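At position 61 of the sequence shown the residue is numbered 64 (this note's numbering), and the sequence of numbers has no breaks.
Heads up, the beta-carbon is just placed ideally off N, CA and C, and yes, glycines get one too.
Bear in mind that the values here come from a model prediction, so they are computed numbers and not experimental data.
Take a look at the structure set out below.
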Amino acid sequence: MTGDVGAEWLAYAVKRPVHDVLALGLSDDQLAALGKWLSKNKLLNPPKTKRVHVGTFVCQCGCGEKFTAEYVTTRPKYKNQSHRQRYWRARWRAEGKEFEWLK
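Encoded structure:
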């Protein structure tokens, strides 16, 4: 990294024009080192992809089975789609609703 690119990164981080950063009188090596640190900073330069989490969970359908799953945003509640259906069918039965496909 050159001193000019380092000055641009420092100007971006402090939200000042580049000529103000150059007026500080830092050497090219110092600007290059600061620019390299700032370019690797995750707050200024966040990663493009979201991190995938892996965890062990207990199924919420009532079976109590433990399962391992990957997730990005929300934690999974059910082991798979059939366990999700099992939960909703049990809930409908508890509420006294009939299934339309049984009629």
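State the CB to CB distance for the pair residue i and residue j, rounded to an integer number of angstroms; the pair is presumed to be in contact (CB under 8 Å).
{"i": "residue 65", "j": "residue 97", "result": "Not quite, the Cβ-Cβ distance comes to about 11 Å (not below 8 Å), so this is no contact."}
{"i": "residue 36", "j": "residue 21", "result": "Not confirmed; about 17 Å, so no contact."}
{"i": "residue 31", "j": "residue 58", "result": "With 8 Å as the limit, residue 31 and residue 58 do not qualify as a contact, their Cβ atoms being about 47 Å apart."}
Between residue i and the rest of its own chain, which residues show a CB-CB distance below 7 Å, the 5 nearest in sequence each way excluded?
{"i": "residue 81", "result": "62, 63, 64, 87 and 90"}
{"i": "residue 41", "result": "12, 13, 16 and 47"}
{"i": "residue 79", "result": "60 and 72"}
In the DSSP assignment, what residue or residues form a beta bridge with residue i?
{"i": "residue 56", "result": "74"}
{"i": "residue 8", "result": "In the DSSP output, where bridge partners are listed per residue, residue 8 has none listed."}
{"i": "residue 61", "result": "69"}
The alpha helix (DSSP H) that contains residue i, what's its start and end?
{"i": "residue 33", "result": "31-42"}
{"i": "residue 94", "result": "84-98"}
{"i": "residue 47", "result": "Where residue 47 is concerned, there is no enclosing alpha helix (DSSP H), given that its DSSP letter is neither H nor E."}
{"i": "residue 25", "result": "21-25"}
Near residue i, which residues of its chain fall below 8 Å by C-beta distance, leaving aside the five closest residues on each side in sequence?
{"i": "residue 67", "result": "61"}
{"i": "residue 55", "result": "73, 74 and 75"}
{"i": "residue 25", "result": "10"}
Who are the Cβ neighbours of residue i in its own chain at under 6 Å, not counting the five residues just before and after it?
{"i": "residue 39", "result": "4"}
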